[in-house]
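Enquirer: Take a look at the following structure, please.
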Amino acid sequence: MGKDITSALRPAIVMALLFAALLGLGYPLAMTGIGQMLFPAQANGSLVRDDAGRVIGSTVVGQAFVSDRYFDTRPSAAGKGYDGLASSGSNLGPAARPLADRVTADVARYRAAGVAGALPADLVTTSGSGLDPDLSPAAALAQAPRVARVRGLPLGRVTALVERQTRASLLGDPHVNVLALNRALDAMAR
Amino acid sequence: MTFQGWFLILGFTAIVVALAKPIGLWLFALYEGRRTPVHILFAPVERGFYRLAGIDPAQEQGWRRYAVHMLLFNAVLMAFTYAVLRLQAVLPGNPQRLAAVGEHLSFNTAISFTTNTNWQSYGGEGTMSNLSQMLGLTIHNFLSAATGIALAFALFRGFARREAATVGNFWADVTRITLYLLLPLCAVLTIAYIACGVPQTLAGVVDVQTLEGARQSLLLGPVASQEAIKMLGTNGGGFFNANSAHPFENPSALTNLIQMLSIFAIGAGLTWTFGKAVGNTRQGWAILSAMMVLFLAGVTVAYGAEAGGNPVLHELGVAGGNMEGKEVRFGIAASALFSVVTTAASCGAVNAMHDSFTALGGLVPLFNMQLGEIVIGGVGAGIYGFLLFAILAVFVAGLMVGRTPEYVGKKIEAREVKLAVLAIAVLPLMILGLTALSSVLQQGLAGPLNKGPHGFSEILYAFTSAVANNGSAFAGLTASTPYYDGLLGVAMWVGRFFIIVPMLAIAGSLAAKKYTPEGAGSFPTTGALWVGLLIGIILILGGLTFLPSLALGPIADHLAMIRGQLF
Numbered sequence: 019m020g021k022d023i024t025s026a027l028r029p030a031i032v033m034a035l036l037f038a039a040l041l042g043l044g045y046p047l048a049m050t051g052i053g054q055m056l057f058p059a060q061a062n063g064s065l066v067r068d069d070a071g072r073v074i075g076s077t078v079v080g081q082a083f084v085s086d087r088y089f090d091t092r093p094s095a096a097g098k099g100y101d102g103l104a105s106s107g108s109n110l111g112p113a114a115r116p117l118a119d120r121v122t123a124d125v126a127r128y129r130a131a132g133v134a135g136a137l138p139a140d141l142v143t144t145s146g147s148g149l150d151p152d153l154s155p156a157a158a159l160a161q162a163p164r165v166a167r168v169r170g171l172p173l174g175r176v177t178a179l180v181e182r183q184t185r186a187s188l189l190g191d192p193h194v195n196v197l198a199l200n201r202a203l204d205a206m207a208r
Numbered sequence: 004m005t006f007q008g009w010f011l012i013l014g015f016t017a018i019v020v021a022l023a024k025p026i027g028l029w030l031f032a033l034y035e036g037r038r039t040p041v042h043i044l045f046a047p048v049e050r051g052f053y054r055l056a057g058i059d060p061a062q063e064q065g066w067r068r069y070a071v072h073m074l075l076f077n078a079v080l081m082a083f084t085y086a087v088l089r090l091q092a093v094l095p096g097n098p099q100r101l102a103a104v105g106e107h108l109s110f111n112t113a114i115s116f117t118t119n120t121n122w123q124s125y126g127g128e129g130t131m132s133n134l135s136q137m138l139g140l141t142i143h144n145f146l147s148a149a150t151g152i153a154l155a156f157a158l159f160r161g162f163a164r165r166e167a168a169t170v171g172n173f174w175a176d177v178t179r180i181t182l183y184l185l186l187p188l189c190a191v192l193t194i195a196y197i198a199c200g201v202p203q204t205l206a207g208v209v210d211v212q213t214l215e216g217a218r219q220s221l222l223l224g225p226v227a228s229q230e231a232i233k234m235l236g237t238n239g240g241g242f243f244n245a246n247s248a249h250p251f252e253n254p255s256a257l258t259n260l261i262q263m264l265s266i267f268a269i270g271a272g273l274t275w276t277f278g279k280a281v282g283n284t285r286q287g288w289a290i291l292s293a294m295m296v297l298f299l300a301g302v303t304v305a306y307g308a309e310a311g312g313n314p315v316l317h318e319l320g321v322a323g324g325n326m327e328g329k330e331v332r333f334g335i336a337a338s339a340l341f342s343v344v345t346t347a348a349s350c351g352a353v354n355a356m357h358d359s360f361t362a363l364g365g366l367v368p369l370f371n372m373q374l375g376e377i378v379i380g381g382v383g384a385g386i387y388g389f390l391l392f393a394i395l396a397v398f399v400a401g402l403m404v405g406r407t408p409e410y411v412g413k414k415i416e417a418r419e420v421k422l423a424v425l426a427i428a429v430l431p432l433m434i435l436g437l438t439a440l441s442s443v444l445q446q447g448l449a450g451p452l453n454k455g456p457h458g459f460s461e462i463l464y465a466f467t468s469a470v471a472n473n474g475s476a477f478a479g480l481t482a483s484t485p486y487y488d489g490l491l492g493v494a495m496w497v498g499r500f501f502i503i504v505p506m507l508a509i510a511g512s513l514a515a516k517k518y519t520p521e522g523a524g525s526f527p528t529t530g531a532l533w534v535g536l537l538i539g540i541i542l543i544l545g546g547l548t549f550l551p552s553l554a555l556g557p558i559a560d561h562l563a564m565i566r567g568q569l570f
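From first to last, the protein sequence lines are chains A and B.
Following my numbering from start to finish, the first sequence increments by one per residue and tops out at 208.
Following my numbering from start to finish, the second sequence increments by one per residue and tops out at 570.
Below is the structure:
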């Protein structure tokens, strides 16, 4: 056993250092170089800019919307909401009172805004990351009457916009990117 | 449950089964030390490494020497990562100017990544610098995976060799697996992830002025390169706190599918490699069949429970399945499927928060880990864990017919059975012992976020995940305390190496045995009867032990949930 340990000492230390250099520096740095060359937009966060060139978000990450003029994103447990430096779910269990209380309050808010019938689950639940960029089509359509009313637009145009922005996939659920939807809404009003 | 959901689940299963042979063949070439097409790229690196480290790759090692070299390598790597984390503040590659990682958190994280657990006591953003992620963590994602596969190779050799004193050379196994399998596959996967929207940059935070004019900061970094090996090596430690639920780690349903396939690819391939190594590929297919039966049973329960939704919320006027803690782009089916894949294998990445699953939906990941993660399992660890159960299954079959049991040409005798029981007993002893301790101590009870039975589930899940080297969590538990960091660290170490050492001893003992050809009285280990027996043994030995603890946690939680009782 003692001989085994002495014989292992040099290979263990040297191999650890060599692999650390190859896998901890060489591999990620080479991948960074290739990624920046082939797909610079995605490699740098798929950022969205406005006409003036200011960064207003990322196509893949969600952001908060509080104004009635915009479609809301889902409730968020990331920091105080959509904190890009504190991704998190609520981690509340199915029979947790804080969960029931939070959902009760959100349901009441949508009822006050005139949403009738059963609410789509994603509209009043927090996502896993707290940065969900999407809504289900049902959750967007439930907000369409309010958005149309506040903006003075015909409801049909707003629902048609939601349908145009819906992305379907066989591998996941149909979804609407809320930032894209709200930008399209602004573009329509002009 | 929807048609689209089942299409995804069954399509996924079909692809995994289809991948088993091609990946198994590749692994078999490495097992035998033969050339692969990527040798052109990395053979000089391999030779250079051996020369600098003074290694002769052709020198065979007995199981003891193999074990000592493996353990020492892992100990050095662990110390290295501990140093990187503690020195974070003075090292470069730290655009956020983060402080050093604390003592107990560094201890826990170094063990966590060395043991292929990747339990995250820390939130990725705000704790780990880019250099720490690359040099401290990514290296383990490769090397803990390569170690697992190397150990599986050693056990395969135990079954395959006749009257031999050795089980291979640890350094040759680890180096070849890393250079000729993991690294090239990860390079391809990284580029695919970047194309789909996963960042890969050395920059830090980007400031955003949102459409409404509010401020938002987005954290970027070398995410894609870590994501690739995080899944392929069944590691699971995310760049971000929210892991694969974070849109930068897993931006679309397509990346989600690639991630799930990455988790299962090598583990499924190893079942084929095993069959080939022992000279009968049907042995491998029998193992994969048993795994897939257990897998699909788990998916059915989890998907059913999550699609059924939470009656507490239905009462409040909310329709549909349980979306708390899930991302819309994945939806219920892809989230439930991911949770089963990640815990069947010893990955531990999550694309939805398991803590917020319905009680029965959360029971499935927990149960998967308690079975010992042998449904595909961690790379290497899954198949050697499964073979321990196979040894017990032939032993039980032997008792029933009154013959000395044999498996793939080797007699299974008292020594192997004792060692297998020793290895398997680590799981219940550690999981239940530490959970019980933490359920009475003040330091333990301070952890859970949720009250009532769900709080107990959080503790049980943490120790199950640590001992089984999974790394997923009921993340409401506050684990970054000296108590949990310390105890979970010990649990991870014991859960990995106290299984590995008896397993290697079995490999050594089997290698020394004569070949026993299959006779008329042998119990056939390829047909449906064998698959059924295996599943039975796994459920009875692995599962029954934990039933009382599950009754106190998720089952009590379920009964409360359907009665609308809140905590």
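Where is the CB? At the ideal position from N, CA and C, for every residue including glycine.
(1) Rounded to the nearest angstrom, what separates Ser371(B) and Val353(B) at their Cα positions?
(2) Grouping DSSP H, G and I as helix and E and B as strand, with all else coil, what is Asp204(A)?
(3) Determine the closest residue to Phe6(B) out of Asp191(A), Asp22(A) and Val165(A), with distance taken between C-alpha atoms.
(4) Going by the beta-carbon positions, is the gap between Ile427(B) and Leu544(B) smaller than 8 Å?
(5) Strictly under 8 Å for the Cβ-Cβ distance: is Thr122(A) near chain B by that measure?
(6) Do Pro368(B) and Phe549(B) have their C-beta atoms within less than 8 Å of each other?
(7) Quick one: is Asp140(A) near chain B, going by C-beta distance under 8 Å?
(8) To be precise: take each residue of the segment 67 to 84 of chain B, compare its Cβ to all Cβ atoms of chain A, and keep it if any distance is under 7 Å. Which residues remain?
(9) Under the DSSP definition of a beta bridge, which residues are partnered with Lys414(B)?
(10) So Val201(B) packs on Asp150(A), CB below 8 Å; how close in whole Å?
(11) May I ask you to list the residues that DSSP assigns as paired with Asp210(B)?
(12) Alpha carbon to alpha carbon, what distance is there between Arg160(B) and Ala280(B)?
(13) Which residues bound the alpha helix (DSSP H) around Ser460(B)?
(14) Out of Met55(A), Thr77(A), Thr143(A) and Arg115(A), point me to the one whose CA is closest to Arg322(B)'s CA.
(15) Would a check of beta-carbon distances place Met356(B) closer than 8 Å to chain A?
(16) Measure from the alpha carbon of Gly539(B) to the alpha carbon of each residue in Ala293(B), Phe243(B) and Phe31(B), then state which is nearest.
(17) If you reduce the DSSP assignment to three classes, tell me which class Leu452(B) lands in.
(18) Looking at Ser460(B) and Pro557(B), is the spacing between their C-beta atoms short of 8 Å?
(19) Taking a cut of 7 Å between CB atoms, which residues from the segment 247 to 267 of chain B lie near chain A?
(20) For the candidate residues Leu205(B), Ala21(B) and Leu13(B), whose alpha-carbon lies nearest to that of Pro58(A)?
(21) Leu199(A) and Val209(A) - do their beta-carbons sit closer together than 8 Å?
(22) Which residues in the same chain as Leu366(B) place their Cβ atom closer than 6 Å to its Cβ, once the five residues preceding and following it in sequence are excluded?
(23) Okay, do the segment 132 to 146 of chain B and the segment 160 to 176 of chain B touch, 3+ Cβ pairs below 8 Å being the bar?
(24) Between the C-alpha atoms of Ser147(A) and Ala136(A), what's the straight-line distance to the nearest angstrom?
(25) Please confirm if Leu110(A) has its CB atom under 8 Å from at least one CB of chain B.
(26) Mapping the DSSP letters down to three states, classify Lys259(B) as helix, strand or coil.
(27) Measuring only the C-alpha atoms, how far is Thr258(B) from Asn244(B)?
(28) Would you list, in chain order, the members of the segment 127 to 140 of chain B that have their beta-carbon closer than 9 Å to a beta-carbon of chain A?
(29) Determine the DSSP secondary structure at Val78(A), reduced to helix, strand or coil.
(30) Report the residue ranges of all alpha helix (DSSP H) runs contained in full by the segment 348 to 379 of chain B; include only those spanning at least 4 residues, in chain order.
(31) In terms of DSSP beta bridges, what is Asp69(A) paired with?
(32) Rounded to whole angstroms, what's the CA-CA distance from Ala248(B) to Lys329(B)? Just pull it up for me.
(33) Mind checking the segment 154 to 167 of chain B against chain A and listing, in chain order, the residues whose C-beta falls within less than 8 Å of any C-beta there?
(34) Residues of chain A with CB under 9 Å from Val42(B), in chain order?
(35) Leaving out the 5 sequence neighbours to the left and right, which residues in its chain are closer than 8 Å to Ala336(B) when beta-carbon positions are compared?
(36) Gln446(B) versus chain A: which residues are under 8 Å apart at the beta carbon?
Expert: This is what the structure holds:
(1) It should be pointed out that residue 371(B) corresponds to Asn in this sequence rather than to Ser. Computed Cα separation, rounded: 14 Å.
(2) helix
(3) Asp191(A)
(4) yes
(5) yes
(6) no
(7) yes
(8) Arg67, Arg68, Val71, His72, Leu75, Phe76, Val79, Leu80 and Phe83
(9) Glu409(B)
(10) Incorrect: roughly 16 Å between the Cβ atoms, too far for contact.
(11) Ser220(B)
(12) 8 Å
(13) Pro456 to Val470
(14) The residue asked about is misnamed: residue 322(B) is Ala in this sequence, not Arg. Among Met55(A), Thr77(A), Thr143(A) and Arg115(A), the Cα nearest to that of Ala322(B) is on Thr143(A).
(15) yes
(16) Ala293(B)
(17) coil
(18) yes
(19) Ala248, His249, Pro250, Phe251, Pro254, Ala256, Leu257, Asn259 and Leu260
(20) Leu205(B)
(21) Chain A is shown only over 19 to 208; residue 209(A) falls outside these bounds and no answer can be derived.
(22) Pro557
(23) no
(24) 25 Å
(25) yes
(26) The question names Lys, but residue 259(B) in the sequence shown is Asn. Reduced to three states, the DSSP call for Asn259(B) is helix.
(27) 18 Å
(28) Gly127, Glu128, Gly129, Asn133, Leu134, Gln136, Met137, Leu138, Gly139 and Leu140
(29) coil
(30) 362 to 373
(31) BP columns for Asp69(A) are empty, so no partner.
(32) 8 Å
(33) none
(34) It is His, not Val, that sits at residue 42(B) in the sequence shown. Within 9 Å Cβ-Cβ: nothing; His42(B) doesn't reach chain A, min ~16 Å.
(35) Met4, Thr5, Gln7, Gly8, Trp9, Leu11, Ile12, Tyr306 and Ala310
(36) Those do not exist, as Gln446(B) stays about 20 Å from chain A at its closest Cβ, beyond 8 Å.
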